Amino acid sequence: MFVINCPYCGEREQSEFKAGGEAHIVRPKQPTELSDDQWAEYLFMRKNIKGIQFERWVHTHGCRKWFNVVRDTSNDMIKAVYKMGEKPPTK
Amino acid sequence: MTKNLRVKTSRFIDETYKVSFKFNGTTYYGYKGDTLASALLANNVHLVGRSFKYHRPRGIMTAGSEEPNAIVQLHKNTSRTEPNVRATEIEIYEGLEASSQNCWPSVNFDIGGINNFLSPILPAGFYYKTFMWPASFWEKYEYFIRKSAGLGKSPKEPDPDIYEHKYIHCDVLVIGAGISGVMAAKSSAKNGYKTLLVDEKPYLGGSTIYQNSEHFKINNQISSSWLEKEINEIKKIKNLEIKTRTSVAAFHGYNFLLARENLTDHLPLEQRNNKTRHRLLKIRAKKVITATGSLERPLIFNNNDRPGILLSSAIEKYANLYGVACGEKNVLFTNNDSAYETAISLNQKGINIEAIIDNREEIDSKLINEIEKNNIKIHKGYTIVDTFGYKRINKVSIMKLSKDGQKVIGSKTSIDCDCLGISGGWTPAVHLFTQSGGKLKFRDEDQVFIPNIYPSNQISIGSCNGEFTLDEILLTIPKTLKEFLNLKDIDFEDLEIESSFNKSKRNIWLLPSDKVIGKTKPFIDYQNDATAKDIKLALREGFRSIEHVKRYTTTGMGTDQGKLGNMHALGIISETVGSKMGELGTTTFRPPYTPLTFGTIVGRNVGEYFDIFRKTPIHDWHVQNKAEFENVGQWKRAWYYPKDGENMHDAVQRESKAARDSAGILDASTLGKIDIQGTDASEFLNRVYTNAWSKLAIGKCRYGLMLNEDGMVYDDGVTTRLDENHYIMTTTTGGAATVLGKLEDYLQTEWPELDVYLTSVTDHYATVSVCGPNSKKIVSQVIPDLDFSDESFPHMSFKNAKIGKIKCRVMRISFTGEHSYEINIQANYGKSVWEKCMEVGKEFKITPYGTETMHLLRAEKGFIIVGQDTDATMTPIDLQMDWIVSKKKYDFIGKRSLYRSDTIREDRKQLVGLLTENPDEILEEGAQIVADIKKSPVEMLGHVTSSYYSPNLKKSIALGVVKGGKNMMGQKLIIPMEDKQISVTVADPVFLDKENKRLNA
Ligand SMILES: [Zn+2]
Chain A
1 MFVINCPYCG
11 EREQSEFKAG
21 GEAHIVRPKQ
31 PTELSDDQWA
41 EYLFMRKNIK
51 GIQFERWVHT
61 HGCRKWFNVV
71 RDTSNDMIKA
81 VYKMGEKPPT
91 K
Chain B
10001 MTKNLRVKTS
10011 RFIDETYKVS
10021 FKFNGTTYYG
10031 YKGDTLASAL
10041 LANNVHLVGR
10051 SFKYHRPRGI
10061 MTAGSEEPNA
10071 IVQLHKNTSR
10081 TEPNVRATEI
10091 EIYEGLEASS
10101 QNCWPSVNFD
10111 IGGINNFLSP
10121 ILPAGFYYKT
10131 FMWPASFWEK
10141 YEYFIRKSAG
10151 LGKSPKEPDP
10161 DIYEHKYIHC
10171 DVLVIGAGIS
10181 GVMAAKSSAK
10191 NGYKTLLVDE
10201 KPYLGGSTIY
10211 QNSEHFKINN
10221 QISSSWLEKE
10231 INEIKKIKNL
10241 EIKTRTSVAA
10251 FHGYNFLLAR
10261 ENLTDHLPLE
10271 QRNNKTRHRL
10281 LKIRAKKVIT
10291 ATGSLERPLI
10301 FNNNDRPGIL
10311 LSSAIEKYAN
10321 LYGVACGEKN
10331 VLFTNNDSAY
10341 ETAISLNQKG
10351 INIEAIIDNR
10361 EEIDSKLINE
10371 IEKNNIKIHK
10381 GYTIVDTFGY
10391 KRINKVSIMK
10401 LSKDGQKVIG
10411 SKTSIDCDCL
10421 GISGGWTPAV
10431 HLFTQSGGKL
10441 KFRDEDQVFI
10451 PNIYPSNQIS
10461 IGSCNGEFTL
10471 DEILLTIPKT
10481 LKEFLNLKDI
10491 DFEDLEIESS
10501 FNKSKRNIWL
10511 LPSDKVIGKT
10521 KPFIDYQNDA
10531 TAKDIKLALR
10541 EGFRSIEHVK
10551 RYTTTGMGTD
10561 QGKLGNMHAL
10571 GIISETVGSK
10581 MGELGTTTFR
10591 PPYTPLTFGT
10601 IVGRNVGEYF
10611 DIFRKTPIHD
10621 WHVQNKAEFE
10631 NVGQWKRAWY
10641 YPKDGENMHD
10651 AVQRESKAAR
10661 DSAGILDAST
10671 LGKIDIQGTD
10681 ASEFLNRVYT
10691 NAWSKLAIGK
10701 CRYGLMLNED
10711 GMVYDDGVTT
10721 RLDENHYIMT
10731 TTTGGAATVL
10741 GKLEDYLQTE
10751 WPELDVYLTS
10761 VTDHYATVSV
10771 CGPNSKKIVS
10781 QVIPDLDFSD
10791 ESFPHMSFKN
10801 AKIGKIKCRV
10811 MRISFTGEHS
10821 YEINIQANYG
10831 KSVWEKCMEV
10841 GKEFKITPYG
10851 TETMHLLRAE
10861 KGFIIVGQDT
10871 DATMTPIDLQ
10881 MDWIVSKKKY
10891 DFIGKRSLYR
10901 SDTIREDRKQ
10911 LVGLLTENPD
10921 EILEEGAQIV
10931 ADIKKSPVEM
10941 LGHVTSSYYS
10951 PNLKKSIALG
10961 VVKGGKNMMG
10971 QKLIIPMEDK
10981 QISVTVADPV
10991 FLDKENKRLN
11001 A
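Quick note, the sequences are listed as chains A and B, same order. So for the first sequence, our numbering puts the first residue at 1; every next one is plus one. So for the second sequence, our numbering puts the first residue at 10001; every next one is plus one.
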């Protein structure tokens, strides 16, 4: 069970959080102008990386805030956390 | 047969405290401090069970938690009975009753023993190959397999014991209180770290504490005396907590560990009442020091499983710690120096040793010299090729090993014995390390896996790190600890160590025999009866991956997870396929390290505490009025209110009729309620619902449908505009939390620019819903100051009101199709408002109805229930609810998905009404719907989602989803049932009051 450093509350047990899938997938501003394939790309296609992955988490049983996590899926180590809207760390 | 094999007083055994216990019905005596195993051995009992497949007699093999054979059932046929308990771990107490499991009818005459003679036809994979064919016979085979095999019996009565969970946070956790663990705990605690030291055994000191040899000294003291002083010292350190009888079950990522603290299993039953039996410790440690020691390896040779064959180190422990001789004519068989430590201990205690058989040809060490001085015969360069004796070993035959160790040469000689100690060297106990995600490396010189890459802030020390000799351990540990704990000084830096252990070893995974392998039984996994022969067979049949071989042969799949034999399995595989050990990898060790009881896992969450349940503020009234309840999510909802012995059908028919004929009342408090405020609240609703919200006037209500981005219906409910920038949204009972979560997600991550605030107010309001033609007459008496005229208070509108001094919100909305009102009031007034409605409603025969009637009433109107009539594959178009999907809105969640190539298919499953030919025939929910029963295979068109007998229409009605159902109006379809076929006609899903006249009745 991870310890996740909520950017608003600090370190908490993983059981307080919920994972929300891959981060930085922006909802298209004009969905109606997209082809089926383009829309499907947004809707269904997700990476499943072994290694560094950017993902969304929410502090469900805490501040209820969504934020981003950089996690190495090969060993579950969390490399960084940052708020929604912030740029992902480059290194 | 019964003999006293107690040899000498041991300071760990209290000989003034005699304990009587029963094993297989016979009474025996032992002493306080004995384990069941040591007490049985002291009584000369070796035969304790039968093996799983061949039902071979098996005896006690080890003296610890790695025991594969001596697993017993405690207190058979009582509520405290427990299967699969290791006799080597359970401490005896007055009144203990244990019995062999896995034998029928008795351990001495076991009918399954015949499998042993049939074993040529019971090879690896036998169960898979034979009993699975023909498939229909499995049930018959299973009966006999289960009866004659099976590992123990689970209790049938409720567990009378108490279990609990506890969280522990510490700076440093030390696992294992052997010499390494004690040194680590002392260094850590004395340097100010909050430290926890745990050990599975009832005493501290590991295997060093019962050493009594001049050959191992620390600062000129015998190692056990030195360690005992250290232990006495650490017991006084304030910030060190020590827990014995505490076994770490799991080591998860981020240094999160589960341990089981055993508090009462060593007490007589009558002393256990009202005490916590096990405590599951949930430990979060900043640093973990693993000092779990190592396990002695057996040697793999023909018939290496007879009762009386033990690990050499176990024989030493029984002699030194418990003062018990395992036999009177002992033979030791080894490939390394460890067995000589055992020999010296036995010799010291006057226990006879017949001979030592050593795989090694040229050996020389102080230990060996001492044995030779005592005129004990050592057969150097020899191996055992066979053993004899059915229920107890009585003879071994030995032969000389060839130079390469692959064959035996020369002539065969026999040695009589009643006990055989075997030692194949040591395997570091890396189980917890690998559970934590650690990566191992293989050390060629002594053929062991040792920790290599640590995934978290942890370290392994001592023999679990591959440091096997006393000098190695004591010299490495101070340096390791200093670095790991950032220490300046450490107590153990200038120790003087004397250790006579020589590390030489001759490792042969599978010892040769004079017989061909097919005629031998060299056991690798004792509990599951897997032999080297089975592994070779699996390899011949093409299995290569260690994980596949493991499953096919069941090696390592018993309750002991193959702690003894896994290394040999790997060794034999790599030798046979010609790969290097390190490259083959190992099988995965999974938690728990030793089995946990279910009681420990669930802790206090039993009975009424098994799951949380939520009650509405009106719950007590429902209970008093004999409601039956149904679980909706965590809520307990009134289901129906049976009167005078009514069954569910009768109660629901009565309630449904009353609600339409006069008045009904429903507790709707469980509906999710979300308070929405902010200048962008209307825009927000526009984006999350399929219909338009900007033009909804203040004081008006609107029904909304919410989709997922994939276009599928997600939730529904009525939302009311309370003010310019203030709405109250209702959701389904089960969807409340997920809807709020989803809305927050969009607000925070996609539309952070919107000024909207969401608050869950589900628990803050009670909701009383009154419906029926007399509802207005009732509610207007409860709230006399409010204008209830249709002009002022029409359908789909809301009013602020007061009942006495208490503010409430009244909505005129309807889920039944009747004229109806919902009163929302501060939760603690809910029950009194309900009672007031009941009181004034008396003259109109107001009838409380539950969720079942609510479902029936809405089905008459063709209103959907999300989750019953939908299943995350239904779009609003599929539901024939096109009217609620705004064509004008540029975007809303899920809009684009409504015209994907898949969602516009004509032949999607669509919601329709279904009417049976026979109006009294009620369809089964979930039943399949087909058009042509004769075509093979029969094409499934859909299924029935809701079905009731409508007392108001006096006929059966149903909703269902049917492929292309929208265009099948009036068509006949078939519901095939087990005993009949029911003919139905596709109909409009709105069965009652299509013109909605009743809303204003
Ligand atoms: Zn938080």
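Think of the CB as a built atom: it goes at the ideal place given N, C-alpha and C, for glycine as much as any other residue. Nothing here was measured: the structure is a model prediction, and the numbers come from that model.
- For the stretch 10599-10617 of chain B, the set of positions with a beta-carbon nearer than 7 angstroms to some beta-carbon of chain A is empty.
- The beta carbon of residue 10591(B) sits closer than 6 angstroms to the beta carbons of 10249, 10250 and 10435 from its chain, once the five residues preceding and following it are set aside; these are given in chain order.
- The DSSP-derived three-state label of residue 10863(B) is coil.
- Excluding residues up to 5 positions away in sequence, 10084 and 10595 lie with their Cβ nearer than 6 angstroms to the Cβ of residue 10559(B) in the same chain.
- Chain A has no Cβ within less than 8 angstroms of the Cβ of residue 10683(B).
- No Cβ-Cβ contact shorter than 8 angstroms links residue 10820(B) with residue 10700(B).
- Taking 7 angstroms as the upper bound on Cβ-Cβ separation, chain A lies near residues 10744, 10745, 10748, 10749, 10750 and 10752 of the stretch 10742-10762 of chain B.
- Annotated as proximal: residue 10599(B) and residue 10163(B), with beta-carbon spacing under 8 angstroms.
- Interface residue (Cβ-Cβ distance to chain B less than 8 angstroms): residue 64(A) is classified as such.
- The DSSP assignment places 36-44 as complete runs of the alpha helix (DSSP H) inside the stretch 16-65 of chain A, in order along the chain (cut-off: 4 residues).
- Those residues of the stretch 30-47 of chain A placed with their C-beta closer than 7 angstroms to a C-beta in chain B are 31, 32, 34, 36, 39 and 43, ordered along the chain.
- Positions of the beta strand (DSSP E) runs, each at least 3 residues long and wholly inside the stretch 10244-10315 of chain B, are given as 10246-10252, 10256-10262, 10276-10290, 10294-10296 and 10309-10311 in order along the chain.
- If you draw a 10 Å sphere on the C-beta of residue 10215(B), you find 16 or more other C-beta atoms in it, and that means buried.
- Secondary structure of residue 10984(B) (DSSP, three-state): strand.
- Using a Cβ-Cβ distance cut-off of 8 angstroms, the stretch 10802-10820 of chain B and the stretch 10853-10863 of chain B are in contact, since at least three pairs of beta carbons, one from each stretch, lie closer than that value.
- Here the stretch 10184-10198 of chain B makes no contact with the stretch 10292-10307 of chain B; the two share fewer than three CB pairs at distances below 8 angstroms.
- Chain-ordered, the residues whose CB falls short of 5 angstroms from any heavy atom of ligand 1 come out as 6(A), 8(A), 9(A), 59(A), 62(A) and 63(A).
- Using beta-carbon distances, residue 51(A) does not count as an interface residue toward chain B, since no partner is under 8 angstroms.
- Not one beta carbon of chain A lies nearer than 8 angstroms to the beta carbon of residue 10878(B).
- Here DSSP, grouped into helix, strand and coil, assigns residue 10649(B) to helix.
- Cβ proximity to chain A below 8 angstroms picks out nothing from the stretch 10686-10704 of chain B.
- Residue state for residue 10830(B) is assigned as helix, using DSSP reduced to three classes.
- Pairing residue 10910(B) with residue 10927(B), the inter-Cα distance amounts to about 16 angstroms.
- In the structure shown, the three-state DSSP call for residue 10639(B) is strand.
- When secondary structure is reduced to three states using DSSP, residue 10744(B) falls in the helix class.
- Under the criterion of beta carbons closer than 8 angstroms, residue 10912(B) and residue 10859(B) do not qualify as touching, at roughly 13 angstroms.
- The three-state secondary structure of residue 10458(B), taken from DSSP, is strand.
- Close partners of residue 54(A) in chain B (Cβ separation under 8 angstroms) are lacking, with about 13 angstroms as the shortest Cβ gap.
- Around the Cβ of residue 10433(B), a 10 Å sphere holds 16 or more other Cβ atoms; the residue is buried.
- In the assembly as shown, residue 10697(B) is an exposed residue. Its beta-carbon has fewer than 16 other beta-carbons within 10 Å.
- Put simply, the CB of residue 5(A) is far from chain B, with every gap to its CB atoms at 8 angstroms or more.
- Distance from the CA of residue 10281(B) to the CA of residue 10563(B), rounded to the nearest whole angstrom, comes to 24 angstroms.
- Between residue 10210(B) and residue 10224(B), the CB-CB gap stays under 8 angstroms.
- Under the 8 angstroms Cβ criterion, the stretch 10002-10014 of chain B counts as touching the stretch 10029-10043 of chain B, having at least three qualifying pairs.
- Identification of chain A residues near residue 10592(B) by a Cβ-Cβ cut-off of 9 angstroms yields none; the smallest Cβ-Cβ distance measures about 15 angstroms.
- Annotation: residue 10351(B) to residue 10328(B) spans about 7 angstroms, alpha carbon to alpha carbon.
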